[in-house]
Amino acid sequence: MQVKSILLILICHCLTVTTVMAQYSNNDLGAVLFGETYFLKPKDSIRFRLWQSPFEMRKNESSTIDSLIRYDNPHFFKGTFNPKSRDFSLDIPAHQLPAWISFEDPIDGFSYGPYLLSRGDSIKIKFDQINQQVLFAGPSRHSFEMVSQMNALIERSIFESPAMLDFSVSGMPGQEALEIIRDNNLKFRRKVIPIHQRTGRIDMMKSNLGPLRSDEFGFLQEYYKSKVPEHVFNAVMADTYSKVHYKNMYSFNNYNIKDILDNAPELLGEFAKAFDEMEQEIERFSRQFDPSLSPNYLKMQEYRMRSKATLTGRSVLEVSGEVEPETALREAVLTSYFLDKNVLVAIGVKDFGTFLSELENREFRELLEPWYIAASPGLPVPSFPFLDRHGNEVSMTDFSGRVVLLETWLAGCAACKFFTETQMDRLAEKYRNDPEVAFVSVSLDRKRELWDRHRDSGIFVSKDMLHLWTGREDRASEHPYLSYFNITSAPQLQLIDKNGKLTGLGISDRTCEGISAEIEKLKIR
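Taking numbering that gives the first Met the number 0, the leading residue of the sequence shown gets 0, the next gets one more, and so forth.
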């Protein structure tokens, strides 16, 4: 009798869950998620984020939804059986879909996703933090499983394949370095293989594509093709390919090309051929799968444009149409590119202005126009105040008649420490008694106690400066002055002329000699 009662309860439970999830299967009702987290520590919420725009997700901009979802107590009819589990449920309206979603544990830092959520989806997700697994149930489970399985394949392939340590820049490694590698390979599962010649990097790039060549990848592709909606299949496939190729495009632009041009130009043809082969594969999958919902596709295409521009001696704007013929995607990639402050410091705003004049996307235009104004030399700096050590307000407009060098810094910042030791201390010493020049530091530390402790230490910032603080204990980069110029990291430099006008977003030659030369030019104007 007891067994029959339990079976009856289970049947009722299944019918309840099925009925509840089925009522959301209509596309007009958006999507519904039931969640269950299994853990040991008591928790009361989970962070949920949703990105409607692949562009916002690629730039890690503010998501459309970013909130803490409160957990409910375990509820049998929602599917929770274990007292160590907690439930949550979420309804997403149709106008916000399709979208990428992710979950994050605010206590232990576990993160899950991102997953592609579509109209009409009904899904139950179980986050099992004890066994470190994620389980899916409901009509939409295959869409979520596909994303999860593809990501797991890439991560596992990267972990299982040998890592390659590049010695080619400094030549043949010494005996001591080789012994360290051998010692590592005896202790750890992941083997490290040294690259002795620059051409070995081409083999490294080919090995990075290993996950896409595996039998498991082909099996997953065929298995899910008939089980998920076409737009989900296209987006996930495009994003998977792009995630793998992005690694090569990023290293090609940030490391390989510059080193080859500077140190081994005779290898340029060989590397250009390898790059062409990678481009052909990208063209094949981008024609086969619709990449319009893929954030990793945008990242990959940006660094592909950068690499191609360096290879051909043209600008990113000039090669952009060849790399990405689809106008909407090209504009998304270029908008991301021109939002990079380091790009504008290096190349100026000429191409930026050209792109802005032809830009069709209204939202991108609204995003870029104030940034273009802020990036243009000759802009009067705003008078948003900072705080000095006594709590007095100080603005960049208070230094009329003096050339101002503004530096941002952060306690614990290794790059700040190196810049201070190698460049800034010498600069500050040189201009210490110059009445025409003011050296100003702005701390990005959120806590005043950190600023108080480190500003006069001479470790992360030179002592010979006027030290200011944002006064923001939430997020320093949201100070209106820093936000206006999109300053979110350290160390960053600005030069302001005697008339209170910005000379540019930064300084391309960040050596003591290069910065000093710029200051001297401004002194005689």
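Beta carbons: idealized from backbone N, C-alpha and C, even for Gly. A quick note: this is a predicted structure, and the numbers were derived from the prediction, not measured.
Quiz prompt | Neighbour-count burial assignment, Leu443, 16 or more Cβ in a 10 Å radius | solution = It is buried - the Cβ of Leu443 has at least 16 other Cβ atoms within 10 Å.
Quiz item: Going by DSSP, which residues form a beta bridge with Ala373?
Solution: BP columns for Ala373 are empty, so no partner.
Exercise. Classify Glu323 as buried or exposed, calling it buried when 16 or more other Cβ atoms lie within 10 Å of its own Cβ.
Key: buried
Practice problem: Kindly indicate which residue of Thr311, His141, Ser167 and Val191 has the alpha-carbon position closest to the one of Ser160. | Solution: Val191
Quiz item: Quick one: any contact between the region 298-309 and the region 321-336, if contact means 3 or more CB pairs under 8 angstroms?
Solution: Verdict: yes, contact present.
Self-check item: Proximity of Leu378 and Ala410 at Cβ, strictly below 7 angstroms
Solution: For Leu378 and Ala410, no; Cβs fall outside 7 angstroms.
Self-check item: Every unbroken alpha helix (DSSP H) inside the region 111-157 [4 residues or more]
Solution: none
Quiz item: With distances taken between CB atoms, is the gap from Leu521 to Val380 smaller than 7 angstroms?
Solution: no
Practice problem: For the beta strand (DSSP E) holding Pro264, just list the boundary residues, first then last. | Solution: Counting along the chain, Pro264 sits inside no beta strand (DSSP E), nor does DSSP assign it H or E at all.
Quiz item: With respect to the alpha helix (DSSP H) encompassing Phe201, which residues constitute its N-terminal and C-terminal limits?
Solution: The displayed chain sequence assigns Ile, not Phe, to residue 201. Gly199 to Asn207 is the extent of the alpha helix (DSSP H) around Ile201.
Practice problem: Tell me, to the nearest whole angstrom, how far the beta carbon of Ile495 is from that of Val403; I am working on the premise that it is less than 8 angstroms. | Solution: Contact flag correct, Cβ pair sits at about 4 angstroms.
Quiz item: Apart from the five residues just before and just after Ala414, which ones in its own chain have a Cβ nearer than 8 angstroms to its Cβ?
Solution: Ala489 and Pro490
Quiz item: Starting from Phe38 and walking both ways along the beta strand (DSSP E), at which residues does that stretch end?
Solution: Segment: none, Phe38 is in no beta strand (DSSP E) and carries neither H nor E.
Quiz item: Roughly how many angstroms lie between the CA atoms of His195 and Met163, to the nearest whole one?
Solution: 10 angstroms
Quiz item: Roughly how far, in whole angstroms, is the beta-carbon of Leu316 from the beta-carbon of Asp261, given that I think they are within contact range, below 8 angstroms?
Solution: Not really, about 24 angstroms apart at Cβ, beyond 8 angstroms.
Practice problem: May I ask you to check if the CB of Asn391 is nearer than 6 angstroms to at least one heavy atom of the ligand MG? | Solution: Summarising the ligand content, the structure contains no ligands, and the ligand MG is consequently not present.
Exercise. Report the three-state DSSP secondary structure of Gly34 (helix, strand or coil).
Key: Under the three-state reduction of DSSP, Gly34 is assigned to strand.
Quiz item: Across which residues does DSSP place Val344 in a beta bridge pair?
Solution: Note: Val344 sits in no beta bridge, so no partner.
Quiz item: Would DSSP call Ser24 helix, strand or coil?
Solution: Residue confidence for Ser24 is low, a pLDDT of 44 falling below 50, so the modelled location carries little weight and cannot support an answer.
Quiz item: What residue range is occupied by the uninterrupted alpha helix (DSSP H) comprising Gln491?
Solution: Element bounds for Gln491: not the alpha helix (DSSP H) but the beta strand (DSSP E), Gln491 to Ile495.
Quiz prompt | Proximity of Ile91 and Ala30 at Cβ, strictly below 7 angstroms | solution = Contact flag set, yes.
Self-check item: Element boundaries [alpha helix (DSSP H), containing His453]
Solution: Membership of His453 in the alpha helix (DSSP H) is indicated by the continuous run Arg447 to His453.
Exercise. Go through its chain and collect everything with a Cβ distance to Ile259's Cβ below 6 angstroms, but skip five positions before and after it.
Key: Leu266, Leu267 and Phe270
Quiz prompt | Ile514 - containing alpha helix (DSSP H), residue span | solution = Cys511 to Lys522
Practice problem: Note down, one range per segment and in chain order, each alpha helix (DSSP H) of at least 4 residues found wholly within the region 303-365. | Solution: 315-322, 326-337, 340-346 and 349-357
Practice problem: Determine the contact status of Trp50 and Ala98, defining contact as a CB-CB distance below 7 angstroms. | Solution: Against a cut-off of 7 angstroms, the Cβ pair of Ala98 and Trp50 comes out as a contact.
Self-check item: Touching by the beta-carbon criterion (3+ pairs, under 8 angstroms), the region 209-227 and the region 147-157
Solution: yes
Self-check item: Burial state of Asn341 (16 or more Cβ within 10 Å)
Solution: exposed
Quiz item: What are the residues that DSSP puts in a beta bridge with His94?
Solution: For His94, which the question treats as bridged, DSSP gives no partner whatsoever.
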